[in-house]
Each structure stands twice: as C-alpha cells, then as structure tokens.
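Q:
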Amino acid sequence: MDEPQRRKLRTLPIFPLLEPSDNKADGCNTLRVWECVPEGKVVKGVTNMTILPSIHDFLYLDGALVDLTILPYLEPGSRPLSELDVLTLALDHFPEQPEHLQNGFVKYMYQNHNRLPPSIFQYLQQVPFIIVADGTMQSPGNVVDPKSELAGLFTHSDHYLPCISQQVALVGDISALRLFRSDLAVDIVQERIQFISLNNSSTNGITGIARNLLSLLYRSGLDCTQLDIPLEAKWLPTAGGILGPQECRDRGSSTPELFDEVLPLVDRNITISSSLRTSLGWDEPIPLCILTKQLELLLQRPNPYKKLKVLIKEFARRLLTDEHIHNLCIITSDLPWVPTSSGRLAKTSHAIFSSTSDLPGFHQVSPTLAEPTRKFLLRMGCTDR
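The opening position of the sequence shown corresponds to residue 285 in this note's numbering, with each subsequent residue numbered one higher.
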C-alpha cells in the first residue's frame with residue numbers, strides 16, 4: 285500500500301478506537317468510538333486491556349473488534365502492544381497521567397503482581413509521582429513507607445513522607461507492593477543525624493526522633509562502621525539534652541566509673557550496638573582530661589571509695605608525664621583520696637604500702653590496689669612505709 289492509499293484508509297470512519305477516560309467519575313474504563321484515524325495521530329493496537337494511558341496524539345485500535353494485522357497499513361512499523369508494553373508506555377508518561385489513571389495503573393499492577401515481571405515494578409519505583417509533604421513529586425524509592433518503623437524518624441512535614449490525605453488509595457497500594465523505603469540504610473542514618481543536629485534546640489519531637497533512630501539502629505543490626513559521623517554532630521539524647529559523641533557515653537559501658545560524673549549518659553532503655561560504639565569512638569580509651577575531671581568531681585562526693593579504686597587503676601595503666609602527675613597532685617592535695625584496707629580514704633601523706641599496725645595515723649593502701657597501682661601511687665607521693 286502506497287502513501288496516498290494509506291492516507292485514504294485512515295480517513296474511513298470504520299475503526300474501533302479506545303480512549304482513556306478523562307473523567308474521574310467514569311473510573312479507568314476505556315471508551316470505544318468508531319472513527320477515522322486523523323493524520324498526525326500515532327496508532328497503537330491493544331487487546332483485552334481494561335486501562336490505557338492518556339497520551340497526547342496517541343490512539344488505540346481495539347484488537348477485540350478488528351484484526352490487528354491492519355496496523356502496519358495505518359502506521360508503518362507499528363505492532364500490537366502486549367500488556368507489558370502498555371504498562372511500560374504508561375510509566376513512560378506516568379507523572380502527567382490524571383490521578384485516577386495513576387491510581388488505576390498502580391491498582392492493576394498490584395492485582396496482577398504475581399505474574400508481572402520484577403522489572404516493571406522497579407521502573408514504577410523510580411518514577412516521580414508521589415506527592416510528599418513539601419508539595420513536590422518524588423519516586424516511591426525515595427519516599428519512606430508511612431506504615432514502616434522508618435516513619436518514626438520523620439516529622440509530618442518532612443519531604444520523605446507521602447502526603448497521605450491526597451492519595452490514600454495510591455499510597456496504600458504502593459505500600460502493599462513494598463516499593464516505598466522501609467529498611468534503615470546508611471544514607472538515611474546520615475541524613476537523620478544531620479537533621480537532628482541542626483534542629484536539636486527545637487522542642488518539636490526532635491528528642492523522640494533521636495531515640496527512635498538509636499533504637500532502630502540497634503534493632504536493624506546495621507553495620508555502623510560504615511557511617512561517617514561528624515564529631516561535632518549533636519544527635520544523642522541524654523538527660524543533659526541532645527549532645528555529641530564527645531560529650532556523653534552510653535549506659536552499656538563496662539566502666540562508667542571513669543566518666544559518669546563528667547559525661548551525661550544516653551537515655552535509659554537505649555542500647556548502643558558495638559559497631560555504633562566503634563563508629564562514635566566510644567571503644568577508645570577515655571581521654572585523660574575526662575579522667576582528671578572525674579577525679580576532681582569524685583573528691584567532692586560523700587562516698588566515692590569504689591569509684592576511686594576503678595579510676596586509680598585506670599590512671600596506673602596510662603603513660604602519664606610529670607606534668608600530668610603534677611596536675612593530679614594539685615587536685616588531690618590535702619584531700620583523702622587513696623582507698624585503704626580499712627575501707628576508708630586517706631590523704632597521700634598518710635597512705636603507705638606496708639602494715640600500719642605500729643604506725644598510728646597511717647593507713648595501708650587497699651591490697652587490691654597495691655600491685656597494679658604501686659608505681660602510680662608512689663609517683664603521687666605515697667610511700668612504702
């Protein structure tokens with residue numbers, strides 16, 4: 285068939301054409317009309333499709349009423365569209381589809397998800413058509429499932445959450461297809477840490493978000509050594525407010541006696557994983573400046589005997605310069621601070637390592653401290669006898 289004949293064929297009003305409904309009240313049902321095929325229109329052939337995308341200058345020839353072998357005579361090179369072709373065509377033009385057609389296609393895909401290939405859902409996941417809280421359109425793969433635990437990390441005005449009130453059915457079907465984000469990942473954690481840090485002075489639920497993040501980090505088993513957490517970021521909830529990792533510690537530490545007078549503890553009921561502790565630098569030795577301040581504050585407490593034993597052992601393990609020793613001597617000067625065998629504290633000048641049975645006024649250093657801390661205590665001014 286030559287070109288004039290093809291054009292003449294298209295002018296005949298004998299073709300069963302399917303048109304997507306532009307009326308929301310009609311649902312997603314296609315409308316059938318018998319018409320000609322105007323020049324400039326692209327003709328596609330379909331069979332047994334209950335929903336079709338609305339695309340400018342596209343016409344659909346109904347294969348249920350006409351043999352689609354006629355297609356090449358109307359549109360050279362054209363072939364019948366399969367179900368997958370129709371869905372792909374719809375997703376190619378999805379953002380501009382009317383809301384009722386978007387809903388219809390998503391519902392169609394959900395109802396037939398057992399027999400459709402994964403690739404079509406991966407495509408849908410990448411198409412920006414979900415309205416989020418800030419009014420922009422985002423792809424499902426960039427939006428958090430409002431039914432997931434992740435949703436507890438975001439506020440209702442956050443662009444990560446869908447605007448449910450405007451798309452109830454759509455959000456429900458996308459959630460059922462598991463195309464939204466629902467698993468904790470490094471990029472979300474990094475973004476939430478930054479968000480909490482920038483808004484930590486706010487009272488609008490930021491502490492709750494921080495608690496939810498730490499709780500989810502532990503339950504998810506995420507390898508936190510992958511995180512790049514700025515030391516200055518304040519995102520850890522404590523009784524002293526939201527603080528940075530250098531300003532607090534967790535309750536799971538094996539030796540809180542080394543810092544608990546100086547550093548606030550992370551809120552109760554929050555467990556820190558070993559990988560997060562590593563990422564925060566909490567598996568490193570407590571800085572000497574913190575130990576020194578701990579000693580100073582403990583000496584102001586009424587009964588610091590047990591904590592001082594732990595702290596003194598830690599000082600003894602450190603490589604202390606003469607300047608460090610000098611500073612510690614100033615802090616302990618004329619104060620009882622050395623744990624003795626009697627269960628009391630003694631001043632430096634009254635603490636000795638040998639028996640004190642014949643030395644009134646002197647006190648023997650606690651036997652559990654004698655060997656591991658001898659060198660340190662001697663440098664601090666204690667004597668053998």
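Glycine is no exception: its CB is placed at the ideal position from the N, C-alpha and C atoms.
(1) Check whether the segment 484-504 and the segment 448-456 touch, using three or more Cβ-Cβ pairs below 8 Å as the test.
(2) Taking only the alpha-carbon atoms, compute the straight-line gap between Leu437 and Val428 and give it to the nearest angstrom.
(3) Are the beta-carbon atoms belonging to Asp693 and His443 less than 8 Å from one another?
(4) Would a C-beta distance cut-off of 8 Å place Val546 and Gln584 closer than the cut-off?
(5) So, with DSSP's three-state summary, where would you put Ala469?
(6) Determine the direct distance from the alpha carbon of His340 to that of Gln674, and round the result to whole angstroms.
(7) Evaluate the contact criterion for the segment 589-597 versus the segment 642-659: three or more CB pairs, one atom per stretch, below 8 Å.
(8) Using the DSSP secondary-structure output, state which residues sit across from Trp318 in a beta bridge.
(9) Please confirm if the segment 394-408 is in contact with the segment 371-381, defined as three or more CB-CB distances below 8 Å between the two stretches.
(10) Less than 8 Å between the beta carbons of Gly645 and His634, yes or no?
(11) Within its chain, find whatever has a CB closer than 8 Å to the CB of Val470; leave out the 5 residues flanking it on each side and keep chain order.
(12) If you scan the segment 424-485 from start to end, which runs of the beta strand (DSSP E) of 3 or more residues do you find wholly inside it?
(13) Mapping DSSP to helix, strand and coil, what is His340?
(14) Rounded to whole angstroms, what's the CA-CA distance from Lys325 to Val390? Just pull it up for me.
(15) In the structure shown, what three-state DSSP assignment does Tyr325 receive?
(16) Cβ of Glu433 within 8 Å of Cβ of Leu500?
(17) What does DSSP give as the partner residues of Thr522 in its beta bridges?
(18) Is the separation between the beta-carbon of Val321 and that of Phe342 shorter than 8 Å?
(19) What number of angstroms, rounded off, separates the C-alpha of Leu336 from the C-alpha of Ile556?
(20) If you reduce the DSSP assignment to three classes, tell me which class Thr555 lands in.
(21) Do the CB positions of Ala453 and Asn387 come within less than 8 Å of each other?
(22) Going straight from the alpha carbon of Leu498 to that of Thr522, what length do you get?
(23) Among residues of its own chain, excluding the 5 on either side of Glu516, which ones have a beta-carbon nearer than 7 Å to its beta-carbon?
(24) Less than 8 Å between CB atoms is the rule here; does Lys325 satisfy it with respect to chain B?
A: The answer reads as follows:
(1) no
(2) 10 Å
(3) There is no way to answer for residue 693, as the model of the chain reaches only from 285 to 669.
(4) no
(5) coil
(6) Residue 674 cannot be examined here, being either before or after the span of the chain that is shown, 285 to 669.
(7) yes
(8) Pro300
(9) yes
(10) yes
(11) Leu506, Gln510 and Leu511
(12) none
(13) coil
(14) 27 Å
(15) In the sequence as presented, Tyr is not what sits at residue 325; that position holds Lys. Lys325 falls in the coil class under three-state DSSP.
(16) yes
(17) Gly525 and Val550
(18) no
(19) 52 Å
(20) coil
(21) yes
(22) 12 Å
(23) Gly528
(24) Protein chains in the displayed structure number just one, and chain B is not present.
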